[in-house]
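Here is the structure we will look at.
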Amino acid sequence: KAPSLYAQIEAIAEGKGNLSDVIRSNISIKAAIVEADEFETIGMRALLNFGHTLGHAIEAAAGYGKLLHGEAISLGLRAAAWLSTQLSSLHAEEYSRIVHLLKSFELPVILGDEFSNEEIIRIARMDKKFEQGRIRFVLLKKAGDAYVSKDVLEGHLINALDEIRKPL
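Position in the sequence shown counted from 1, then plus 671, gives you the numbering used here.
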């Protein structure tokens, strides 16, 4: 049995794994998903957006160039994982594991005060996934089990932004 992506990333963080192999594998998986759902008609491709909805809004609010794309997505991953503990069945231990992995690669996990919630939400509202105060948002039931929720409201996003401002 192949090790889980978590296990592979944890091994890399410990200096034991092969990052090139993980990247190659993930590019192949993404290509297969995009090919199978090129126009996001079956919902499969949307799962690739885990962490990206708020991540992209944070990146834009910061002003392009102030945060690297991966840094903004790291913040979005923490927010989406936290929301998954609130609105889905992701356990707090799995949330902590995600945050630990982000930190182990020296990615930011705390949103600075220089980025206002209002600006981030204003930008998020422009996302094609945002309709009538609700947003199609990728949540986790557990690690490796994502789904698109239509139950995430703007207030939930604000709560997630407040949460990722807190030190760990």
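Beta carbons: idealized from backbone N, C-alpha and C, even for Gly.
Within a 10 Å sphere around the beta-carbon of R793 sit fewer than 16 other beta-carbons, which makes this residue exposed. With contact defined as three or more Cβ pairs closer than 8 Å, the segment 725-732 and the segment 703-717 are not in contact. Non-local C-beta neighbours of I806 in its own chain, meaning closer than 6 Å and more than five positions away in sequence, comprise K800, V823, ordered along the chain.
A Cβ-Cβ contact shorter than 7 Å links A750 with A831. Membership of A814 in any alpha helix (DSSP H) is not indicated, and neither H nor E is assigned to it by DSSP. With respect to the 7 Å criterion, L758 and I835 are not classified as neighbours on the basis of their beta carbons.
Between L772 and the set S696, A795, L746, S787, the nearest pair of CA atoms involves L746.
If you ignore the 5 residues before and after D833, its C-beta comes within less than 8 Å of the C-beta of N788, all in its own chain and listed in chain order.
F808 is bridged by DSSP to S820.
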